[in-house]
Amino acid sequence: MSFEVKINNRTAHVELLQWEGSFVNIKVDGKEYKLDFEKVNQGIFSILHDNNSYNIELIPGDNVKKYTVNTYKNTYEAEIIDAEAKYRAARLKGVDEDAENTVVAPIPGKVVKIPVSIGDSVEAGQTLVIFSAMKMESEFKAKKDGVVKEIRVNEGDTVEAKKVMVVVE
Amino acid sequence: MSFEVKINNRTAHVELLQWEGSFVNIKVDGKEYKLDFEKVNQGIFSILHDNNSYNIELIPGDNVKKYTVNTYKNTYEAEIIDAEAKYRAARLKGVDEDAENTVVAPIPGKVVKIPVSIGDSVEAGQTLVIFSAMKMESEFKAKKDGVVKEIRVNEGDTVEAKKVMVVVE
Amino acid sequence: MIKKVLVANRGEIAVRIMRSCREMGIRTVGVFSDADRKAMHVLYADEAYHIGPSPSAESYLNMDRILEVAKQSKADAIHPGYGFLSENAVFSEKCQKAGIKFIGPGPYAISQMGDKITARKTMIAAGVPVVPGTESAIISEAEAIKTVKEIGLPVMVKASAGGGGKGMRLVKKEADIKSSIRAARSEAKSAFGDDAVYIEKYIESPHHIEFQILADQHGNVIHLFERECSVQRRHQKIIEETPSPILTPAIRDEMGKAAVAAAKAVDYEGAGTIEFIVDNNLNYYFLEMNTRLQVEHPITERVVGVDLVKEQIHIASGEKLSYKQEELKQNGHAIECRVYAEDAANNFMPAPGKVTHIAIPYGVGVRVDGYIYEGFEIPIYYDPLIAKLIVWGRDRKDAIERTIRALQEFKITGVKNSLNFLENIMTAPDFVKGNYTTHFIDENIKHLMGEEPCQDDCEDMVIITAFLEYLYRLRKASPKEMTALKNNWKDYSRIRSVLKL
Amino acid sequence: MIKKVLVANRGEIAVRIMRSCREMGIRTVGVFSDADRKAMHVLYADEAYHIGPSPSAESYLNMDRILEVAKQSKADAIHPGYGFLSENAVFSEKCQKAGIKFIGPGPYAISQMGDKITARKTMIAAGVPVVPGTESAIISEAEAIKTVKEIGLPVMVKASAGGGGKGMRLVKKEADIKSSIRAARSEAKSAFGDDAVYIEKYIESPHHIEFQILADQHGNVIHLFERECSVQRRHQKIIEETPSPILTPAIRDEMGKAAVAAAKAVDYEGAGTIEFIVDNNLNYYFLEMNTRLQVEHPITERVVGVDLVKEQIHIASGEKLSYKQEELKQNGHAIECRVYAEDAANNFMPAPGKVTHIAIPYGVGVRVDGYIYEGFEIPIYYDPLIAKLIVWGRDRKDAIERTIRALQEFKITGVKNSLNFLENIMTAPDFVKGNYTTHFIDENIKHLMGEEPCQDDCEDMVIITAFLEYLYRLRKASPKEMTALKNNWKDYSRIRSVLKL
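Residue numbers (my numbering), protein chains in the order written: chain A, 1 to 169; chain B, 170 to 338; chain C, 339 to 839; chain D, 840 to 1340.
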């Protein structure tokens, strides 16, 4: 049984050799481990490896293949890469390229001001949206030169995260 | 929709009149309440009644009809009494009468000593089992005069809670 | 004696105030906006009243509605916390008129200190050092140029009604003076409706050091020593400590006396803070007074041993101060870390969202004030401060070491937060040396943005855990494919933090 | 300098010790029995080693196995915590021989203090007052009767090797002397393998007051003031506070000096506690010395401002004491409540089981040391202490009020526990007055067993909540029957305490 697991910028190949009771024999990128692997509670794991103690918290993410993982000192984003995920990643590749044409709300908040209009020519760096959340105002700027094609929000609107606000072409 | 709810020694008759969104109209022993009733999280409830704020934690018990309920200051054991529970209570009534004939481990622990043997005549108050748990020794005594009929554990045994150890007749 | 307090605030400070009220046997009244029905302060209060829609202007800043609730609930007093209505002279006056005690100073002290030019004049009259500059609002640009020549460049042009970095311009070249004054004026006009500006000498390597004071209604004023607040991002404090690593006992004593004089000059009542700007030669200048409780008040509580909220309530009840200046002492060292829901890597952009998991640090010398819980949705309408970690140590070194331990135990999942950034501050050499100014974050940004790599094989353990959990779930979903794997996990119904207690 | 410490213990004290080690940059080695694989101290340690089956005799008391682990893990030192091997002279000696530093006194001090008759003799020689009684073991019954006549009835017959209330007999009538000596002897023989007994005057209304001391390897000894420990059930402390409500400054000073003299008399090293028995006239007598850290050490940490575990480690490293007696001061008041998994209503019977839910108190002046977590199964093999609440206040009244607030916020569900009992102690008039002896619990049992009724309509709210939750579940199970009811609850995946942060 083997998959790839991506954490931060590393993609590791993992192969399970044996898992019986709390005994786990497993290879990560060719390195073999024999572990005492205990589930302490839902989402909480204790691993003893050569008597080193690791206490690991696993919090499920948006989907079954994504987890946030806490160790004593660090936090990681982990994702299981199986055939389906690889296919999806390949398909999605094209879509994201348009990202630099749009201004997207990174978090929920309020549109304070839109100092451009549809049809305006804008330069890279020019402010397209002034946005406010949690007492902080941010300016979102054009990533490249272009013309404002769409404005999908109004000044004063409260918007959800990931809402596309302005499209430049 | 109405049931009886037993908390500690009180059995209250509860009748739901309306429950829509967070609005609840309900009668407890004839007293009518109009409440803002919010589930904050699984097991955590916030009630506003005449602007009084109640924060209530509900922890499921052994079965779906039993709960431990925490308020800010108190802890209650609550049980829903429906037809089935009433029937069961009636049936169980006879069974418990034998309780005074048996010595039952109230918690998990270790049998240290059994100073009686099968066939011994014992008096009420005589020690039948010396029991140890969590560094504390307790003596379990006969509740009435009688003859030791059964000894179901051995000295040195580790026993689970509710284990019948000695039966007197 | 006060028997019931309305807390006109939300978040950690509302809960913190209610805790002290509970201990004093005082009933608490909470108020909440639409967004806050399930917020901790509503759950913790004895009574709770809805006061309006989510935006603060329509709820937590709605003076009339809050006073209405105070009357309806028969509260004797209103505690404003910090932010919102806490430094609003009009509200203080409205409370007075309504016969409800405002826990804080009267309208006179608030407005004297709220207007910067007035505050400067008052301080000069009281003999408290202020930053060299103009004493009144700038009338002509020619006069401004003359002043600048007297005090020397660089200078700051500041709005009298200002705050939060708005209506401020740094002037480095003589040629920029006029344009800067015009820009500051226009910004002040649009932000505060008042275009009065003044000029101050710009302090190059400033330390931001403030003194806590307490003043009763009978003219008694004491100070509770300083807090060093120079670690700031976006002009907002993120770490505070006491004692300050740079003050000498003599300067501390002088500044404490100046702080007391400042409070006396405005007939102050309650808890307040005198902020000073201090240069590398330990010259100190009055900057402003915060006429309320500060976010960072707990470090003073820990080191001086005073519950400031309880003292506020005693003072508001008309009692005399129960501490004498000479009885107070700084015991050990305390550090506060502000945990914000924000993304340090993205210019400290706020990060609202749902908290999925929390592990809280415990043990000797550790206090956590917060208001979030697992499952809580942090609203977008209010401040991103979600918790404060207050750590005490025998001395500064001990306090830093303990803070690092506590930050490592502290986990908040579901929302981006500043925990890792705070830990990096604790290990930054300039911070460890105690040698830092308000430029600290800019000067140390590379270290602060770093992430210490996981030691030994722990990264592999992370990978293995995620892998095995995924496998376990697959097995549950399609047991037949997975029969080769045996394991004896139980199915727990809930996720729990083992670092919980 | 010590770089790696093996903690030969479990539960809250193991975690507490490891926290201070972490802060000092010292690696920690945990050891565990079968029952403790998932215990907090295993999860918290850097390294963890299995040492045997669940009963302590086969694991936490297995000296050779623990020393083996110390060698294998290359630990420099062993911290024994309290209980288990902490007062075992043989173990201290074995560590010495193995070249591993035992964090605590050497075998001489432990055995001098472990044998009660020897300890009494040593104290008399050092000029420390002891309870009037026999100086050596009782040889003849005639001699015993003579002694009793000298010191007057009632008296206690005590086993020299004793502890924990075993091998003790109270004698009130002359006729009972002989039989009591015989009974105590036989009990001592079977419990400790040593039938030596001695006679002490029985103090009628005793206060149990102990002094914390610290002694370095260079002959420097200081005391860190007292702890009042008279609130006991089953001869075990349940509440401790400092300062004692009954001591005067003069007596405190005298007793502190006696405590230092006692430690010096046995060439003590490390942290230790001199226990005194004090009568209503403030006559004080040496009772025994605990040659280890006490359960209740955190109240001293809070009031005196010293991390006792860190000091133990500094001392064990050979450093000189870094505090001078005259620098130490008691600041404010601290109370410790011991939370046991036990059933107060049933003679404090221990109550192991699975913890289903915990809500922990926070805020100013509150510290919680514990080791349980939600889902944790409390083992039957060890002590029922599951958490300690340590509360600080400006003065005794403030500390009591805060303790009540904290106890009300504190919830542990799934196992019976002493939280309600502890709260009742805080409200008992004798406790509030500070007027109590070791008979406190017996004398106040009615108040202590009571349960304050829920105010207003809150009992009805409990009923309503249980009812609605049941209905909601029914509806999920058979939706058709329930379509008359609409509600908009979301299905949360987990149970969370809103009082969490």
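Every residue gets a Cβ at the ideal spot worked out from N, C-alpha and C, and that includes glycine.
- Taking every protein chain shown into account, the CB of alanine 1184(D) has fewer than 16 other CB atoms within 10 angstroms, so this residue is exposed.
- The DSSP-derived three-state label of glutamate 1080(D) is strand.
- At a cut-off of 8 Å, the C-beta of valine 1301(D) has a neighbouring C-beta in chain B.
- Interface annotation for the stretch 732-760 of chain C against chain D: Arg732, Glu739, Arg740, Arg743, criterion Cβ-Cβ distance under 7 Å.
- By the C-beta density criterion, alanine 293(B) is exposed, having fewer than 16 other C-beta atoms within 10 angstroms.
- Excluding the 5 residues flanking it on each side, alanine 928(D) has same chain C-beta neighbours closer than 6 Å at Pro946, Ile949, Ser950, in chain order.
- Here threonine 71(A) has Tyr54, Ile56 as same chain residues with Cβ atoms under 7 Å from its own Cβ, once five neighbours each way along the sequence are excluded.
- Under the Cβ distance rule, valine 24(A) does not count among the residues neighbouring chain D, no pair being separated by less than 8 Å.
- For valine 14(A), DSSP records a beta bridge to Phe3(A), Val28(A).
- Scanning chain D for C-beta atoms nearer than 7 Å to the C-beta of leucine 58(A) yields nothing, as the closest lies near 14 Å away.
- Rounded to whole angstroms, glutamate 886(D) and proline 636(C) show a C-alpha spacing of 35 Å.
- Note that the C-beta distance between aspartate 954(D) and alanine 998(D) is not below 8 Å.
- Chain A places a beta carbon closer than 8 Å to that of alanine 887(D), counting this residue as a contact.
- In this structure, alanine 1238(D) places its C-beta atom within 8 Å of the C-beta atom of glycine 1232(D).
- Between proline 688(C) and isoleucine 107(A), the C-beta spacing is below 8 Å.
- Note on methionine 840(D): under 16 other CB atoms within 10 angstroms of its CB, so exposed under the neighbour-count rule.
- Here the alpha carbons of valine 486(C) and alanine 480(C) stand approximately 10 Å from one another.
- Annotation: the continuous beta strand (DSSP E) that includes serine 568(C) extends over 559-571.
- Of all residues in the stretch 906-918 of chain D, those with a C-beta nearer than 9 Å to a C-beta of chain A are Val908, Gln911, Ser912, reading in chain order.
- Taking CB atoms only, leucine 48(A) has a neighbour in chain D less than 8 Å away.
- Collapsing the DSSP output to three states places isoleucine 416(C) in a strand.
- The C-beta separation of valine 345(C) from isoleucine 355(C) comes to about 5 Å, placing the pair in contact by the 8 Å criterion.
- The beta carbon of asparagine 243(B) sits no closer than 8 Å to any beta carbon of chain C.
- Taking 8 Å as the cut-off, the beta carbon of alanine 853(D) is found closer than this to the beta carbon of glycine 920(D).
- Serine 215(B) sits close to valine 380(C), with the two beta carbons spaced by under 8 Å.
- Taking 8 Å as the cut-off, the beta carbon of phenylalanine 563(C) is found no closer than this to the beta carbon of threonine 586(C).
- Under the Cβ distance rule, threonine 765(C) does not count among the residues neighbouring chain A, no pair being separated by less than 8 Å.
- Along the length of the stretch 1135-1217 of chain D, whole beta strand (DSSP E) runs at least 3 residues long occupy 1172-1179, 1196-1198, 1205-1209, reported in chain order.
- Under the 8 Å criterion on CB atoms, arginine 811(C) is classed as non-interfacial with respect to chain D.
- By the Cβ-count criterion, threonine 11(A) is exposed, with fewer than 16 other Cβ atoms from all chains shown falling within 10 Å of its own Cβ.
- Burial of methionine 378(C) is indicated by the presence of at least 16 other C-beta atoms within 10 angstroms of its C-beta.
- For tyrosine 76(A), there is no enclosing alpha helix (DSSP H); the residue is found in the beta strand (DSSP E) stretching over 75-81.
- The beta carbon of proline 470(C) is closer than 6 Å to those of Ile489, Lys539 in its chain, skipping five residues each way along the sequence.
- Not flagged as an interface residue toward chain C: arginine 876(D), since no C-beta distance is shorter than 8 Å.
- In this structure, DSSP gives histidine 379(C) a helical state, which the three-state scheme calls helix.
- Taking a C-beta distance under 8 Å as the contact criterion, proline 1191(D) and valine 1134(D) do not qualify as a contact pair.
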